[in-house]
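Under the working numbering, the residues of the sequence shown are numbered 54 to 137, in order.
Glycine included, every Cβ here is placed at the ideal spot set by N, Cα and C.
Report on the following structure.
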Amino acid sequence: MTKILQIIALLLLTNIALADSFVIKDIRVEGLQRISAGTVFNFLTVKVGDEMTDKDAKSIIRALFKSKYFNDVQVEQQDGVLVI
């Protein structure tokens with residue numbers, strides 16, 4: 054039960070710096086320690102060329118936390134690049 058509350062709190066408090074939707078020009082994964090970027094890409098529901106929304110960001114965060122590989126997940130946009 055505590056784990057579920059932590060995930061809910063993180064979803065509510067996680068920095069989602071998207072503001073408006075944008076078209077994904079590239080996807081960059083940073084800060085990995087135990088898994089490969091390819092593993093992260095398997096959990097993504099978007100790809101280059103897709104329009105990224107806040108709903109997509111929340112979905113990505115939820116999927117990555119559910120995988121139990123991560124303690125912290127942030128999703129942001131930098132000049133059209135989706136940074137995870």
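Query: Spatial neighbours of residue 78 in its chain, beta-carbon cut-off 8 Å, leaving aside the 5 residues before and after; Result: 101, 132, 133, 134
Query: Contact set for residue 70: own chain, Cβ-Cβ below 6 Å, skip 5 residues either direction; Result: For residue 70, the pLDDT reaches just 48, beneath the cut-off of 50, and the residue's location in the model is therefore unreliable, although a value from the coordinates is still provided. If we look at residue 70 and ignore the five residues flanking it on each side, its Cβ neighbours are 129.
Query: Distance cut-off 7 Å: residue 73 Cβ against heavy atoms of the ligand SAM; Result: The model depicted lacks the ligand SAM and carries no ligand whatsoever.
Query: Nearest-angstrom Cα separation, counted from residue 137 out to residue 83; Result: 6 Å
Query: Residues near residue 112 by beta carbon distance below 7 Å, same chain, minus five either side; Result: 98
Query: Uninterrupted beta strand (DSSP E) stretches inside the stretch 66-136 (no shorter than 3 residues); Result: 79-81, 128-131, 134-136
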